[in-house]
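Only one structure is covered here, and it is reproduced in the block below.
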Amino acid sequence: MEDKKVLYSAIQPTNNLTIGNYVGAIKNWLNLQENYDCYFSIANMHAITVRQNPAELRQKTLALLALYIACGIDPEKCCLYVQSHVPAHAELCWVLNTFTYVGEMERMTQFKDKSLRHAENINMGLMDYPVLMAADILLYQAQYVPVGEDQRQHLEIARDIAQRFNNALTPTFTVPEGLFMKVGAKINDLQDPSKKMSKSAENPNGSIFLTDDRDTIIRKFKRAVTDSGSEIKYDPMSKPGVSNLLSIYSVFADKSIAEAESEFNGVGYGDFKLAVGETVADRLAPVQAEQAKLLADKEYLNTVLKKGAERAMKTAGRTLSKVYKKIGFYQI
Ligand code: TRP
Numbered sequence: 000m001e002d003k004k005v006l007y008s009a010i011q012p013t014n015n016l017t018i019g020n021y022v023g024a025i026k027n028w029l030n031l032q033e034n035y036d037c038y039f040s041i042a043n044m045h046a047i048t049v050r051q052n053p054a055e056l057r058q059k060t061l062a063l064l065a066l067y068i069a070c071g072i073d074p075e076k077c078c079l080y081v082q083s084h085v086p087a088h089a090e091l092c093w094v095l096n097t098f099t100y101v102g103e104m105e106r107m108t109q110f111k112d113k114s115l116r117h118a119e120n121i122n123m124g125l126m127d128y129p130v131l132m133a134a135d136i137l138l139y140q141a142q143y144v145p146v147g148e149d150q151r152q153h154l155e156i157a158r159d160i161a162q163r164f165n166n167a168l169t170p171t172f173t174v175p176e177g178l179f180m181k182v183g184a185k186i187n188d189l190q191d192p193s194k195k196m197s198k199s200a201e202n203p204n205g206s207i208f209l210t211d212d213r214d215t216i217i218r219k220f221k222r223a224v225t226d227s228g229s230e231i232k233y234d235p236m237s238k239p240g241v242s243n244l245l246s247i248y249s250v251f252a253d254k255s256i257a258e259a260e261s262e263f264n265g266v267g268y269g270d271f272k273l274a275v276g277e278t279v280a281d282r283l284a285p286v287q288a289e290q291a292k293l294l295a296d297k298e299y300l301n302t303v304l305k306k307g308a309e310r311a312m313k314t315a316g317r318t319l320s321k322v323y324k325k326i327g328f329y330q331i
């Protein structure tokens with residue numbers, strides 16, 4: 000355990016996760032947990048940068064923990080914890096703020112996007128979001144940070160801040176590297192296969208959420224757009240709809256695209272879509288059942304979080320006290 004490299008990632012508990020997130024993030028973490036010293040957090044402090052319903056935020060925090068575990072992330076192997084349980088995140092964020100320029104935060108694309116979407120609430124936290132994320136990563140001296148493409152700019156800033164601090168006050172932080180998941184099969188929107196499947200698509204029928212029940216999943220797949228012609232062939236250029244469905248099938252049935260194509264050779268679009276829907280629903284059902292079971296055992300979940308917070312606090316506290324020393328905070 001001691002000589003494994005440290006890996007850090009987090010998900011906001013407010014994200015309504017799709018099968019795209021599952022394939023792109025959580026499913027990859029399953030392999031990573033075997034080879035790295037992993038910290039996976041529930042980023043509730045990031046979540047409040049846009050207004051949340053408090054009761055919902057609380058509930059979604061536990062739901063995400065239960066989902067992590069139901070998907071196979073093992074709390075015995077990884078440190079699973081809630082960001083706000085570890086005060087060092089806020090504390091390091093404050094110090095790092097003094098190594099971050101207002102101008103560079105104003106230029107962040109996600110800040111600009113969110114400012115447009117939440118024009119009534121462009122709060123300081125929204126602008127500070129990347130610095131808090133840098134604090135998350137740097138506290139654990141993480142070498143690797145698996146994230147989606149949308150977090151590339153935030154990761155660059157985390158590296159810049161780490162280097163800036165190291166240069167100003169002697170090497171302190173590991174400069175993290177992003178692991179940008181080449182999502183084996185990139186999953187696109189069922190209604191508009193030219194776009195990535197997203198939690199906030201205009202048409203909710205285009206996204207399959209991990210919380211969707213069997214009927215909903217099958218209904219959405221039945222309505223998925225296909226392409227002209229009738230052949231079930233992987234050809235993203237001329238058959239984006241069918242190709243997306245084949246990718247989804249291949250991931251959820253653990254089969255190659257070629258195997259999937261031959262399996263559906265001569266099958267009509269309607270039956271094909273039904274088969275893909277059933278496969279996805281069958282695959283998600285045990286995860287959903289396990290998540291529900293875990294959510295009914297709050298005591299167990301609290302034990303996991305307590306253990307996680309203790310472990311995270313120990314690692315994070317070590318880094319924070321180094322930082323405080325280097326920066327000249329008088330210690331008693
Ligand atoms: N901002 C990330 C997202 O929305 C979540 C996140 C918070 C994160 N802190 C992190 C990801 C640290 C990686 C490392 O996807």
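Last residue of the sequence shown: 331 in numbering that gives the first Met the number 0, with the numbers rising by one and none dropped.
Yeah, the Cβ is synthetic: ideal placement off N, Cα and C, and Gly gets one too.
Next on the checklist: Taking the straight line between their C-alpha atoms, what separation do you get for Ala288 and Gly71?
Outcome noted: 13 angstroms
Item to check | Supposed contact pair Val5 and Ser40 - C-beta distance, whole angstroms, cut 8 angstroms | outcome: Actually they are not in contact, since the Cβ atoms of Ser40 and Val5 sit about 13 angstroms apart, beyond 8 angstroms.
Item to check | DSSP bridge partner residues for Gly177 (one or two, in chain order) | outcome: Val144, per the DSSP bridge assignment.
Checklist entry - Quick one: any contact between the segment 312-319 and the segment 236-253, if contact means 3 or more CB pairs under 8 angstroms? => result no
Checklist entry - Should Asp135 be listed as close to ligand 1, given that the test is whether its C-beta is under 6 angstroms from any heavy atom? => result yes
Next on the checklist: Can you determine whether any heavy atom of ligand 1 sits closer than 6 angstroms to the C-beta of Ala24, and answer yes or no?
Outcome noted: no
Item to check | Tyr38 (DSSP reduced to helix, strand or coil) | outcome: Strand at Tyr38.
Item to check | Identified DSSP bridge partners for Lys195 | outcome: Asn187
Checklist entry - Looking at Ser8 and ligand 1, is the gap between the Cβ and the nearest heavy atom below 6 angstroms? => result yes
Checklist entry - Fully enclosed by the segment 203-285, which alpha helix (DSSP H) runs are 4 residues long or longer? => result 213-221, 239-252, 256-262
Checklist entry - Does the separation of the CB atoms of Ile136 and Pro175 fall below 7 angstroms? => result Here Ile136 is near Pro175, since their CB atoms are less than 7 angstroms apart.
Checklist entry - Taking the continuous beta strand (DSSP E) assigned at Ile10, which residues delimit it? => result 5-10
Checklist entry - Where does Asn243 land, buried or exposed, given buried means 16+ other C-beta within 10 angstroms? => result By the neighbour-count criterion, in which 16 or more other beta carbons inside 10 Å mark a residue as buried, Asn243 falls on the buried side.
Item to check | Alpha carbon of Lys254 to alpha carbon of Tyr21, nearest angstrom | outcome: 17 angstroms
Checklist entry - Can you find a heavy atom of ligand 1 that lies under 6 angstroms from the Cβ of His45? => result yes
Checklist entry - Tell me the DSSP bridge mates of Cys78? => result Tyr38
Checklist entry - Just how far apart, CA to CA, sit Pro129 and Gly267? => result 48 angstroms
Checklist entry - Going by the CB atoms, is the gap between Ile216 and Gly19 shorter than 7 angstroms? => result no
Checklist entry - Asn120: buried (16+ other C-beta within 10 angstroms of its C-beta) or exposed? => result exposed
Checklist entry - Roughly how many whole angstroms lie between the Cα atoms of Glu105 and Met123? => result 11 angstroms
Checklist entry - So, do the segment 269-284 and the segment 216-228 have three or more beta carbon pairs nearer to each other than 8 angstroms? => result yes
Next on the checklist: Can you tell me whether Asp296 is buried or exposed? The criterion is at least 16 other CB atoms within 10 Å of its CB, across all chains shown.
Outcome noted: exposed
Checklist entry - ligand 1 heavy atoms versus the CB of Ala42: any closer than 6 angstroms? => result Yes, Cβ of Ala42 sits closer than 6 angstroms to a heavy atom of ligand 1.
Item to check | Anticipated Cβ contact below 8 angstroms, Gly23 with Met180, distance rounded | outcome: Rounded, the Cβ-Cβ distance is 5 angstroms, consistent with contact.
Checklist entry - Does DSSP put Thr169 in a helix, a strand or coil? => result coil
Checklist entry - Is DSSP giving Thr17 helix, strand or coil here? => result strand
Next on the checklist: Given this structure, state the Cα-to-Cα distance separating Leu56 from Ala89, to the nearest angstrom.
Outcome noted: 19 angstroms
Item to check | CB contact flag (Phe110, Ile160, <7 angstroms) | outcome: no
Checklist entry - Does the distance from the CB of Asn43 to the CB of Pro12 come in under 7 angstroms? => result yes
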